[in-house]
């Protein structure tokens with residue numbers, strides 16, 4: 001995704017959610033938005049709005065963090081922008 005922070009200094013939460021939702025769907029046999037909404041405990045309409053940003057709706061951090069946890073992914077924010085990446089596993093010593 002590697003998006004720059006947008007001009008009003010807010011994170012691209014809709015793009016982050018959409019990317020995580022796509023990964024979740026693929027990992028769950030191409031699960032539907034309805035199944036994702038049930039998994040997150042939200043309305044199907046909210047899931048669709050969060051993916052697109054329609055009506056200015058933005059996903060909650062709880063939903064983003066739950067998907068990150070489910071997928072072993074992380075949201076990385078640095079000077080280059082914001083991206084979704086796989087978490088590195090720690091090597092035991």
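Numbering (the working numbering), first residue to last: 1 to 93.
Every residue gets a Cβ at the ideal spot worked out from N, C-alpha and C, and that includes glycine.
Does the distance from the C-beta atom of residue i to that of residue j stay below 8 Å?
i, j, result
"residue 86", "residue 13", "no"
"residue 25", "residue 36", "yes"
May I have the straight-line CA-CA distance separating residue i from residue j, to the nearest angstrom?
i, j, result
"residue 69", "residue 20", "11 Å"
"residue 17", "residue 89", "23 Å"
"residue 77", "residue 44", "28 Å"
"residue 74", "residue 84", "6 Å"
"residue 10", "residue 31", "29 Å"
Taking DSSP as the reference, what is the three-state secondary structure of residue i?
i, result
"residue 28", "coil"
"residue 16", "helix"
"residue 89", "coil"
Unbroken stretches of the alpha helix (DSSP H), 4 residues or longer, contained in the stretch 59–86: 61–71
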